[in-house]
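Residue numbers (full-length UniProt numbering): 1 to 247. Note that CB positions come from ideal geometry on N, CA and C, so glycine has one too. As structure tokens, the structure follows; a few thoughts come after it.
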């Protein structure tokens with residue numbers, strides 16, 4: 001990818017792969033040291049506190065993953081447009097994308113935003129297959145399917161929580177049932193966060209498999225000593241294969 005983007009632009013495609021393929025021992029002086037320190041900090045581990053605190057924690061994490069997925073999808077479109085001049089790459093927004101419900105909560109907004117972005121990423125992967133004239137790796141499609149499935153699970157948990165809201169207020173054991181429902185919802189959002197990261201990995205892998213590899217780029221990389229996105233001296237193909245196994 002380095003031949004298509006300046007150094008400051010290609011970083012969003014690769015940092016999350018450090019986590020996914022087990023490069024957490026990379027040097028903290030390296031290119032992604034700040035990201036790695038965030039990933040290994042206590043706040044990224046198990047969320048503590050009340051069920052509502054856990055839900056809020058995972059909601060914030062999931063929002064961040066969604067923002068990164070959206071950013072990386074747009075950047076991938078730009079890279080492909082530059083790499084395949086004359087080809088239509090941008091995904092046309094469909095009128096069937098889900099609408100925001102009235103008076104939405106942050107979770108309601110997240111679910112709709114996730115559904116919309118998942119559809120756009122899936123559309124972009126379809127464009128990549130057209131550019132390649134060959135199907136992408138099966139794990140990439142599976143990761144996107146699982147991402148969509150987990151969005152629907154989160155949506156179902158949210159609907160259950162809304163349906164049972166009135167009955168919780170009228171019954172003596174409502175407090176305990178409310179806690180249980182919020183914990184189930186927090187667990188679903190946590191799973192959604194994890195699968196959004198995998199969707200980002202799938203997008204990165206698909207992009208690497210679609211970009212044309214030119215001899216001029218390989219020569220330039222050797223002359224400049226440019227590192228691959230996954231760490232110094234990491235073979236590009238090996239990095240891609242390892243990333244695919246995490247999906």
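Tell me the DSSP secondary structure of residue i in three-state form.
{"i": "residue 139", "result": "helix"}
{"i": "residue 96", "result": "coil"}
{"i": "residue 31", "result": "For residue 31, the pLDDT reaches just 37, beneath the cut-off of 50, and the residue's location in the model is therefore unreliable, leaving the point undetermined."}
{"i": "residue 294", "result": "Residue 294 lies beyond the stretch modelled for the chain, which goes from 1 to 247, so this question has no answer here."}
{"i": "residue 164", "result": "coil"}
{"i": "residue 127", "result": "helix"}
{"i": "residue 152", "result": "helix"}
{"i": "residue 17", "result": "At residue 17 the pLDDT is 49, less than 50, meaning the model places this residue with poor confidence and gives no usable figure here."}
{"i": "residue 238", "result": "helix"}
{"i": "residue 73", "result": "helix"}
{"i": "residue 88", "result": "coil"}
{"i": "residue 268", "result": "Residue coverage of the chain in this structure runs from 1 to 247, which leaves residue 268 outside it and unanswerable."}
{"i": "residue 51", "result": "helix"}
{"i": "residue 133", "result": "coil"}
{"i": "residue 210", "result": "helix"}
{"i": "residue 245", "result": "helix"}
How many Å lie between residue i and residue j at the Cα?
{"i": "residue 194", "j": "residue 51", "result": "19 Å"}
{"i": "residue 129", "j": "residue 61", "result": "31 Å"}
{"i": "residue 203", "j": "residue 71", "result": "11 Å"}
{"i": "residue 120", "j": "residue 91", "result": "6 Å"}
{"i": "residue 124", "j": "residue 89", "result": "7 Å"}
{"i": "residue 239", "j": "residue 196", "result": "20 Å"}
{"i": "residue 332", "j": "residue 83", "result": "This structure cannot speak to residue 332, because the chain is shown only from 1 to 247."}
{"i": "residue 180", "j": "residue 163", "result": "14 Å"}
{"i": "residue 63", "j": "residue 178", "result": "23 Å"}
{"i": "residue 148", "j": "residue 115", "result": "7 Å"}
{"i": "residue 103", "j": "residue 133", "result": "44 Å"}
{"i": "residue 74", "j": "residue 87", "result": "16 Å"}
{"i": "residue 152", "j": "residue 165", "result": "20 Å"}
{"i": "residue 155", "j": "residue 85", "result": "39 Å"}
{"i": "residue 59", "j": "residue 99", "result": "20 Å"}
{"i": "residue 131", "j": "residue 65", "result": "27 Å"}
Taking all protein chains shown into account, do 16 or more other C-beta atoms lie within 10 angstroms of the C-beta of residue i, making it buried, or fewer, making it exposed?
{"i": "residue 57", "result": "buried"}
{"i": "residue 160", "result": "exposed"}
{"i": "residue 237", "result": "exposed"}
{"i": "residue 97", "result": "exposed"}
{"i": "residue 157", "result": "buried"}
{"i": "residue 67", "result": "exposed"}
{"i": "residue 241", "result": "exposed"}
{"i": "residue 143", "result": "buried"}
Grab me the residues of residue i's own chain with a C-beta within less than 7 Å of its C-beta, minus the 5 sequence neighbours each way, in chain order.
{"i": "residue 150", "result": "191, 192, 195"}
{"i": "residue 136", "result": "125, 128, 129, 206, 209"}
{"i": "residue 189", "result": "55, 58, 59, 62, 154"}
Could you name the residues of the same chain whose beta carbon sits closer than 8 Å to that of residue i, not counting the 5 residues immediately before and after it, in chain order?
{"i": "residue 146", "result": "195, 198"}
{"i": "residue 69", "result": "117, 121, 196, 199, 200, 203"}
{"i": "residue 101", "result": "108, 112"}
Quick one: residues in its chain with C-beta nearer than 6 Å to the C-beta of residue i, no 5 flanking neighbours on either side, listed in chain order?
{"i": "residue 139", "result": "244, 247"}
{"i": "residue 31", "result": "With a pLDDT of only 37 at residue 31, under 50, the local geometry of the prediction cannot be trusted, and the value read off the model is given with reservation. No residues qualify anywhere along the chain."}
{"i": "residue 49", "result": "none"}
Q. Counting pairs of Cβ atoms below 8 Å between the region 99 to 110 and the region 74 to 81, do you hit three or more?
A. The region 99 to 110 and the region 74 to 81 do not touch, with fewer than 3 CB-CB distances between them shorter than 8 Å.
Q: Assess, as a yes-or-no matter, whether the region 178 to 188 is touched by the region 196 to 215 under the definition of 3 or more beta carbon pairs within less than 8 Å.
A: No, the region 196 to 215 does not touch the region 178 to 188.
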